[in-house]
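Colleague:
Numbering (the working numbering), first residue to last: 4 to 485.
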């Protein structure tokens with residue numbers, strides 16, 4: 004056990020020295036704006052975006068600020084926060100994550116990085132690029148410093164002992180390590196960090212089943228505050244309550260949920276019903292579980308989507324807790340943004356001097372939009388099928404290809420070689436648009452009607468009996484006019 008904490012212990016002297024100076028109100032200057040700045044020489048001329056999670060249930064990302072990185076590689080943002088917050092800097096297809104704290108500026112120094120070495124086929128959603136960096140002159144009780152001590156030791160312990168703990172239900176093994184960690188950081192006054200440690204171990208005990216769910220609820224949930232912005236707490240919360248109302252609760256069954264959701268769709272009655280569960284006596288925790296569960300059952304075939312949305316809208320309007328109103332609103336946006344009948348998110352593409360507005364530039368026609376890359380062989384096959392169909396449907400359907408190639412030269416060569424009769428445009432490194440449209444695989448296809456509203460997302464591929472699909476759409480249009 005000592006080996007995992009060896010690297011921690013020689014840092015403890017610094018924590019002892021600084022704890023007396025910092026123990027009185029770590030965040031005393033919380034009204035002061037936080038400046039996040041840094042140097043990333045290889046990223047000059049690129050856009051840098053500073054983001055955070057609006058909440059850790061919906062995981063909706065919100066953009067705090069953005070700037071253009073100068074020729075010297077310098078960037079700077081300013082924001083105001085009132086509690087520690089995990090943020091991430093996004094540049095092109097990569098990112099760097101770190102914590103900012105109230106009243107404390109943060110300066111990042113990025114290591115040399117070769118952007119041209121990134122494989123253009125690398126998927127930033129499933130295999131993100133993490134830019135290496137250091138934080139300059141952070142104080143010894145700074146979250147990034149403390150976590151830099153703790154997380155490598157914790158991760159090494161989990162890697163070496165997870166299987167042993169799970170197979171042998173060796174609770175004492177984890178508890179002994181936790182006691183050592185607590186001893187090393189006993190003089191640390193950063194409560195966010197101490198909570199982080201507690202809930203990292205809580206998740207470990209849950210995953211290895213070395214503590215019962217009842218023990219975990221008693222120790223970490225019941226009569227405990229909900230730590231909305233602490234990733235370790237929320238990671239444990241999400242794991243503990245995963246599909247909880249779909250079978251994890253011993254007190255709330257399917258009939259309860261069916262009645263409250265499908266039959267009456269009432270937020271308050273559902274809240275009262277969940278109160279039968281002794282773990283959910285606290286109203287704040289109970290509402291959090293309700294919100295998480297609505298996000299989970301929205302696409303479940305046993306529940307009516309419109310009723311789930313009705314409950315979320317009621318929570319958005321009437322919850323006593325401001326955090327929950329935000330979470331409900333985030334869920335509504337994320338669950339419905341690409342639902343059939345909703346307006347397509349507007350997209351502006353500037354290509355070869357022309358400004359294309361999607362869907363407005365194609366008004367009067369249905370639109371079949373395909374996001375693709377030049378290296379995607381299945382995208383190319385889909386386009387070849389379209390060659391044989393294009394003339395038959397171009398009068399009523401606008402076919403639009405949008406490339407997300409990392410390098411414009413790859414797109415231009417592809418466009419010149421293929422010479423498609425329909426328009427293809429270059430979106431490039433516009434990660435903001437790629438994220439908004441959720442382009443995680445290729446091809447991603449959207450079908451939009453003449454009024455700019457979504458018909459299908461994702462829409463059928465051209466290789467999926469597409470002629471009948473197009474004819475069905477046009478026939479339904481014809482009938483609606485009669």
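Don't be surprised by glycine CBs; every beta carbon is placed ideally from N, CA and C. From a predicted model like this one, the values you see are computed outputs, not experimental measurements.
On the criterion of 16 or more Cβ atoms from any shown chain inside 10 Å, does residue 275 qualify as buried, or is it exposed?
Modeller: By one-based count along the chain shown, residue 275 stands at place 272. Exposed.
Colleague: Can you give me the C-alpha to C-alpha distance between residue 471 and residue 65, rounded to a whole angstrom?
Modeller: As a position in the chain shown, residue 471 is number 468, starting the count at 1. As a position in the chain shown, residue 65 is number 62, starting the count at 1. Straight-line Cα distance between these residues: approximately 40 Å.
Colleague: Would you check if the distance between the CB atom of residue 447 and the CB atom of residue 374 is smaller than 7 Å?
Modeller: To locate residue 447, count along the chain shown from 1; it is residue 444. To locate residue 374, count along the chain shown from 1; it is residue 371. Cβ distance < 7 Å, so residue 447 and residue 374 count as in contact.
Colleague: Flag this pair as yes or no: are the beta carbons of residue 102 and residue 87 separated by less than 7 Å?
Modeller: Taking the chain shown and counting its residues from 1, one reaches residue 102 at position 99. Taking the chain shown and counting its residues from 1, one reaches residue 87 at position 84. Contact flag set, yes.
Colleague: Mind checking which residues open and close the alpha helix (DSSP H) that includes residue 317?
Modeller: Within the chain shown, the letter at position 314 stands for residue 317. Element bounds for residue 317: 308 to 321.
Colleague: Let's see if you can read the secondary structure: which residues bound the alpha helix (DSSP H) around residue 332?
Modeller: Counted from its first residue, the chain shown places residue 332 at position 329. Residue 332 -> alpha helix (DSSP H) spans 325 to 339.
Colleague: Could you please give the first and the last residue of the uninterrupted alpha helix (DSSP H) stretch that includes residue 491?
Modeller: This structure cannot settle anything about residue 491, because the visible part of the chain is limited to 4 through 485.
Colleague: Which residues in the same chain have their Cβ closer than 8 Å to the Cβ of residue 341, if we skip the five residues on either side of it in sequence?
Modeller: The residue you call residue 341 lines up with position 338 of the chain shown. So the qualifying residues of the chain are 441, 449, 457 and 460.
Colleague: For residue 3, count neighbouring Cβ atoms within 10 angstroms of its own Cβ and tell me buried if that reaches 16, exposed if not.
Modeller: Since the first residue shown for the chain is 4 and the last is 485, residue 3 is missing from the structure and cannot be characterised.
Colleague: Tell me the start and end of each unbroken beta strand (DSSP E) in the region 109 to 138 that is at least 3 residues and wholly inside, in chain order.
Modeller: Correct list: 109 to 113 and 136 to 138.
Colleague: Give me the Cα-Cα distance between residue 115 and residue 42, rounded to the nearest whole angstrom.
Modeller: In the chain shown, the residue the question calls residue 115 occupies position 112. In the chain shown, the residue the question calls residue 42 occupies position 39. Their backbone Cα atoms lie some 10 Å apart in a straight line.
Colleague: At what residues does the alpha helix (DSSP H) containing residue 437 begin and finish?
Modeller: On the chain shown, residue 437 is found 434 positions in, with the first residue counted as 1. Segment 434 to 439, the alpha helix (DSSP H) holding residue 437.
Colleague: Does chain C have any CB closer than 7 Å to the CB of residue 112?
Modeller: Annotation note: the requested chain C is absent from the structure, which comprises a single protein chain.
Colleague: Go to residue 70, then tell me how far its beta strand (DSSP E) extends in each direction, as first and last residue.
Modeller: Numbered from 1 along the chain shown, position 67 holds the residue referred to as residue 70. Counting along the chain, the beta strand (DSSP E) containing residue 70 begins and ends at 64 to 71.
Colleague: Relative to the C-alpha of residue 531, which candidate in 351, 356 and 229 has its C-alpha closest?
Modeller: No information on residue 531 is available, as it lies outside the stretch 4 to 485 that the chain covers here.
Colleague: Sorted by chain position, which residues of the same chain lie with C-beta nearer than 8 Å to residue 335's C-beta, five sequence neighbours on each side aside?
Modeller: For the purposes of this step, residue 335 is identified with residue 332 of the chain shown, where counting begins at 1. Contacts found: 312, 315, 316 and 319.
Colleague: Give every residue of the same chain whose Cβ lies closer than 7 Å to the Cβ of residue 344, excluding the five residues on either side of it in the sequence, and list them in chain order.
Modeller: In the chain shown, residue 344 corresponds to position 341, counting from 1. Once the five neighbours on either side are set aside, the close Cβ partners of residue 344 are 456 and 457.
Colleague: So, with DSSP's three-state summary, where would you put residue 158?
Modeller: If you number the chain shown from 1, residue 158 lands on position 155. Of the three classes helix, strand and coil, the one that applies to residue 158 here is helix, per DSSP.
Colleague: Quick check on the DSSP output: the alpha helix (DSSP H) that includes residue 59 runs from which residue to which?
Modeller: Looking up residue 59 in the chain shown gives position 56. Run containing residue 59: none; DSSP gives neither H nor E here.
Colleague: So, do the region 199 to 213 and the region 235 to 243 have three or more beta carbon pairs nearer to each other than 8 Å?
Modeller: Contact between the region 199 to 213 and the region 235 to 243 is present, because at least three Cβ pairs lie under 8 Å.
Colleague: I'd like the list of long-range same chain contacts for residue 35, defined as Cβ closer than 7 Å, with 5 residues on each side in sequence excluded.
Modeller: For the purposes of this step, residue 35 is taken as the residue at position 32 of the chain shown. Closer than 7 Å at the Cβ level, and outside the excluded window around residue 35, lie 106.
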